[in-house]
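**Student:** Line by line, the protein sequences are chains H, B, E and L. Using our numbering, you'd call the opening residue of the first sequence number 1 and step up by one each time. Using our numbering, you'd call the opening residue of the second sequence number 1 and step up by one each time. Using our numbering, you'd call the opening residue of the third sequence number 1 and step up by one each time. Using our numbering, you'd call the opening residue of the fourth sequence number 1 and step up by one each time. Each residue gets a CB set at the ideal place from its N, CA and C atoms; glycine is no exception.
Number of protein chains: 4
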Amino acid sequence: MHTVIFGRHLASMNRDLPPDIFHIATGSSEPIYRQMIEQLRRLVAGGQVKGGDGMPSVREVATALGVNPMTVSKAYSLLEGEGLLARRRGLGMVVAEREAQFHDHAARLLLLQPNLERIAVEAKQLELEPAAVIAMLADMLK
Amino acid sequence: MHTVIFGRHLASMNRDLPPDIFHIATGSSEPIYRQMIEQLRRLVAGGQVKGGDGMPSVREVATALGVNPMTVSKAYSLLEGEGLLARRRGLGMVVAEREAQFHDHAARLLLLQPNLERIAVEAKQLELEPAAVIAMLADMLK
Amino acid sequence: MHTVIFGRHLASMNRDLPPDIFHIATGSSEPIYRQMIEQLRRLVAGGQVKGGDGMPSVREVATALGVNPMTVSKAYSLLEGEGLLARRRGLGMVVAEREAQFHDHAARLLLLQPNLERIAVEAKQLELEPAAVIAMLADMLK
Amino acid sequence: MHTVIFGRHLASMNRDLPPDIFHIATGSSEPIYRQMIEQLRRLVAGGQVKGGDGMPSVREVATALGVNPMTVSKAYSLLEGEGLLARRRGLGMVVAEREAQFHDHAARLLLLQPNLERIAVEAKQLELEPAAVIAMLADMLK
DNA sequence: GTGGTCTAGACCACT
DNA sequence: GTGGTCTAGACCACA
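Okay, structure coming up:
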């Protein structure tokens, strides 16, 4: 799969992530490449994926997901532009060391904040009881 | 705020709604017409807008929002197809009497459910403490 | 080409830039989309293109340059991600207002700095006389 | 800096070059093998490296730079094809005697010319004052 | 009309 | 083997 000829040249590459780290909802209106981007962002922020981890190759992911390699490539490129992935030319992509630091709990919570705010606005427009909304969310989080 | 342009004295004290009942985030990735549709649905379900209320004209809304009249027209047409608005020939759109009934609290909560579920999924991927997420939402709902 | 139906809906759109603002060296090893990106960055920094200016459409540029629309689209998308362009959905791209501010002379000089530093390193490795290098550059800048 | 590993006493006091004569920017978009080629060309033209000097082995350079030996080998092969390096069977590569002559100052300046022209073009697109550009370069060349 | 997404396939550069 | 670039063409959503 990824034959290493000279062991020491990828000192920073920890492990190769499996091609099935991405889970795509093909029915969703959200573009495939965008689903991939947001998933990887969360995986990194949550610590499931660490800096230096070797990403599965574009072709591997493409076959695993049954999508066109260009679609995967687009996601990778955008993640590279974002600083989350780094290219090892001729070798593949790795999770960037600097950017992919653990976010602490507070930082991760901040990532959810804008989405929570949207919920709050909608709940108010619906004139819902705060307690009922909170109870529903609490139930889902179990 | 609620300036009445043409006093329309009909049965059951209904009002003419102002052109600024919609609040559009032009920067959002959500289409304008869809923002309008969902806002009106919530306003009706929450009771801020009642059956028989007169909608502002396409042109009024378009200028108030700085949006293409075609976009407003599209939203109105879809809401009409949905049964939430009704066309009164020569008089413009009014909120439909039959469809636009108060939803009770449980029904309104159901409208929020899918969005809450998205939040729950994201919170789990971020490995957030349920208590922290709930506390944040509770704070926003005050 | 760009028929405006209702004049007031694009208050911030100053003028439509011609499709030939880009000059592509097809022989270059530098990718087409990257040439476009760097050219627009410089045009904005230099003030030749201002915030609010309407970009020519993807299809116009593509035919003017004789390249695939997707190539132009890629450049536009990356420039949007960079904040230099903004999408007006259904209407096309405009130069972003916030990002596309005049750079003053000092700021523009900073854009050239890294490239100049590369030159300096190379000149030293070639053990060139500073005066000769400077004279050559001065001649080219006339 | 110039540590001699194996004293090789041949005609015309030539040295063994250290494995760290190359300085690679792995983050650069310029390919590693190309960086190596251009650096060696400049070092030879500038006289820091002379005909007959012994190049460090592929393996030495690869480990010193943390680069794949194939990459170093590719650079060496291309430099050999160019005539700048020569293969001494069983002894490794040496800098070629015939090709690796001092370039006089004018010839070396010519090597820098294309890069300077790129700078000039960019400076014009940025509408920079020639004097300011020249001053900045002069400062760097000190 | 606008841009966005995805597919299929070819070719290239780098390691 | 790796990713990058470009083309050609189809389909969609938005205004």
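Quick check on this structure: which residue in B:Gly90, B:Pro69, B:Val67 has the alpha carbon closest to the alpha carbon of B:Gly54?
**Tutor:** Here residue 54 of chain B refers to the residue found at position 54 of the second sequence. Comparing Cα positions, the closest option is B:Gly90.
**Student:** Taking Cβ-Cβ distances shorter than 8 Å, what residues in chain B pair up with H:Pro130?
**Tutor:** As a position in the first sequence, residue 130 of chain H is number 130, starting the count at 1. Per Cβ cutoff of 8 Å: Ala138, Leu141, Lys142.
**Student:** So what does DSSP say about L:Leu143, is it helix, strand or coil?
**Tutor:** There is simply no residue 143 of chain L to check, as chain L begins at 1 and stops at 142 in what is shown.
**Student:** In angstroms with no decimal places, state the Cα-to-Cα distance between L:Arg41 and E:Asp16.
**Tutor:** If you number the fourth sequence from 1, residue 41 of chain L lands on position 41. If you number the third sequence from 1, residue 16 of chain E lands on position 16. Each residue's alpha carbon lies about 48 Å from the other.
**Student:** So, L:Gln113 versus E:Met70, is the Cβ gap smaller than 8 Å?
**Tutor:** Indexing the fourth sequence from 1 puts residue 113 of chain L at position 113. Indexing the third sequence from 1 puts residue 70 of chain E at position 70. No. Outside cutoff.
**Student:** If we define contact as Cβ-Cβ less than 8 Å, is H:Gly83 a contact residue for chain E?
**Tutor:** Locating residue 83 of chain H in the first sequence gives position 83, counting from the first residue. With 8 Å as the cut-off, H:Gly83 does not count as an interface residue toward chain E.
**Student:** Assuming B:Val61 contacts B:Pro31 under a Cβ cut-off of 8 Å, what Cβ separation, rounded to an integer in Å, is found between them?
**Tutor:** Against the second sequence, residue 61 of chain B aligns to sequence position 61. Against the second sequence, residue 31 of chain B aligns to sequence position 31. In this structure, B:Val61 and B:Pro31 do not form a Cβ contact; the two beta carbons are roughly 15 Å apart against a cut-off of 8 Å.
**Student:** Grouping DSSP H, G and I as helix and E and B as strand, with all else coil, what is B:Gly83?
**Tutor:** The count along the second sequence starts at 1 and reaches residue 83 of chain B at position 83. B:Gly83 falls in the coil class under three-state DSSP.
**Student:** Can you give, in chain order, each stretch of the beta strand (DSSP E) that sits fully within the segment 26-64 of chain B and has at least 3 residues?
**Tutor:** none
**Student:** Using a Cβ cut-off of 8 Å, pull out every chain E residue sitting near L:Gly47, in sequence order please.
**Tutor:** Looking up residue 47 of chain L in the fourth sequence gives position 47. Neighbours of L:Gly47 on chain E, chain order: Glu127.
**Student:** Using the three-state DSSP reduction, which class does H:Asp104 fall into: helix, strand or coil?
**Tutor:** Taking the first residue of the first sequence as 1, we reach residue 104 of chain H at position 104. Reduced to three states, the DSSP call for H:Asp104 is coil.
**Student:** Looking at chain L, is there any beta carbon in it that lies within less than 8 Å of the beta carbon of E:Asn115?
**Tutor:** The count along the third sequence starts at 1 and reaches residue 115 of chain E at position 115. Yes, E:Asn115 lies at the interface with chain L (some Cβ there is under 8 Å from its Cβ).
**Student:** With H:Pro130 as the anchor, note down where its alpha helix (DSSP H) starts and where it stops.
**Tutor:** The residue given as residue 130 of chain H occupies position 130 in the first sequence. Its alpha helix (DSSP H) spans residues 130-141.
**Student:** Whose CA, out of H:Gln125, H:Val67, H:Glu129, H:Arg118, lies closest to the CA of B:Ala25?
**Tutor:** In the second sequence, counting from the first residue as 1, residue 25 of chain B sits at position 25. Taking only the C-alpha atoms, the option nearest B:Ala25 is H:Arg118.
**Student:** In or out: H:Ser29 buried (at least 16 other Cβ within 10 Å) or exposed?
**Tutor:** To locate residue 29 of chain H, count along the first sequence from 1; it is residue 29. With fewer than 16 Cβ atoms within 10 Å of its Cβ, H:Ser29 is classed as exposed.
**Student:** Got a sec: does the ligand NAD put a non-hydrogen atom nearer than 7 Å to the Cβ of E:Pro69?
**Tutor:** Of ligands this structure carries none, so the ligand NAD is not represented either.
**Student:** Give me the residue from L:His23, L:Gly83, L:Leu109, L:Tyr33 with the minimum Cα distance to L:Gly46.
**Tutor:** Here residue 46 of chain L refers to the residue found at position 46 of the fourth sequence. Residue L:Leu109 is the option with its Cα nearest to L:Gly46.
**Student:** Between B:Ile21, B:Gln39, B:Gln35, B:Arg34, which lies nearest to H:Leu126 when the distance is taken from Cα to Cα?
**Tutor:** What you label residue 126 of chain H is simply residue 126 of the first sequence in a count that begins at 1. Ranking the options by Cα distance to H:Leu126, first place goes to B:Gln39.
**Student:** Which whole-angstrom value is the C-beta distance of H:Leu65 and H:Phe22, which I expect to be below 8 Å?
**Tutor:** Looking up residue 65 of chain H in the first sequence gives position 65. Looking up residue 22 of chain H in the first sequence gives position 22. Their Cβ separation, rounded to whole angstroms, is 6 Å, which keeps H:Leu65 and H:Phe22 in contact under 8 Å.
**Student:** When the Cα of L:Leu43 is compared with those of E:Glu122, E:Lys142, E:Pro130, which residue comes out closest?
**Tutor:** On the fourth sequence, residue 43 of chain L is found 43 positions in, with the first residue counted as 1. Taking only the C-alpha atoms, the option nearest L:Leu43 is E:Glu122.
**Student:** Would you say L:His103 and E:Glu129 are within 8 Å of each other, going by their C-beta atoms?
**Tutor:** As a working mapping, residue 103 of chain L is identified with position 103 in the fourth sequence. As a working mapping, residue 129 of chain E is identified with position 129 in the third sequence. Not in contact: L:His103 and E:Glu129 (Cβ atoms no closer than 8 Å).
**Student:** I want to see whether chain H comes within less than 8 Å of B:Leu65, judged by CB atoms only; does it?
**Tutor:** Counting from 1 along the second sequence, the entry for residue 65 of chain B is found at position 65. No, B:Leu65 does not count as interfacial toward chain H.
**Student:** With a cut-off of 8 Å, does the C-beta of H:Val133 fall near any C-beta of chain B?
**Tutor:** Residue mapping note: residue 133 of chain H aligns to position 133 of the first sequence, counting from 1. Chain B contact via Cβ: present.
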